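K.L.:
In my numbering, the protein residues as written are 19 to 139.
From the three backbone atoms N, C-alpha and C, an ideal C-beta is built for every residue, glycine too.
None of the values given here were measured: they were computed from a predicted structure.
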Amino acid sequence: MNLDESLKGFGDSLVNFLYSLAKSKATGTWLGAKVSNYVLSEALIKSDLDQPGGLDKHEKGDYVEEYIAKSWIEGILTTEDAVSILTKSLKTYDSEEEEREATVEAFRTLLNYIHQKTAVQ
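(1) Out of Gln-134, Phe-28, Glu-123 and Tyr-131, which has the shortest C-alpha to C-alpha gap to Lys-6?
(2) Could you tell me the distance, in whole angstroms, from the CA atom of Glu-114 to the CA atom of Thr-121?
(3) Tyr-37: which of Gly-93, Ile-132 and Leu-128 sits nearest, CA to CA?
(4) Leu-108 and Gly-79 look like a contact to me (Cβ under 8 Å); what is the Cβ gap, rounded to whole Å?
(5) For His-133, which residues in the same chain have their Cβ closer than 6 Å to its Cβ, ignoring the five residues on either side in sequence?
(6) Give a yes or no on whether the C-beta atoms belonging to Glu-83 and Gly-29 are separated by under 8 Å.
What follows is the structure, given as structure tokens:
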């Protein structure tokens, strides 16, 4: 999938929206949440995606945001599928570290889902 740098801002908003929906659904409380570049870069590293070389943490986060946005725009990923996948790994956690690791896992799973769908097409 060829990515488009112009999707960076939209991708950031979309990722935060999807995460907020999923976290709200998982916790039963309406939340507005942001996903850090650390979480997105770790999810990319742990995923099955081929990673572009030479990117720092911030650039990897941008790459993930563009990847998710492009897949959503192209109809590869639906809002419902994204929220369902993310919700499975999210709940209320006792520590920030547990929550961060669960969020990394949620986005790793989402990236692998998109990757598998694009491999089939």
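P.N.:
So, from the data block:
(1) Coverage of the chain is limited to positions 19 through 139, which leaves residue 6 absent and any answer about it impossible.
(2) About 10 Å.
(3) Residue Leu-128 is the option with its Cα nearest to Tyr-37.
(4) Under the criterion of beta carbons closer than 8 Å, Leu-108 and Gly-79 do not qualify as touching, at roughly 19 Å.
(5) Taken in chain order, the residues that qualify are Asp-66 and Leu-67.
(6) When the beta-carbon positions are compared, Glu-83 and Gly-29 come within less than 8 Å of each other.
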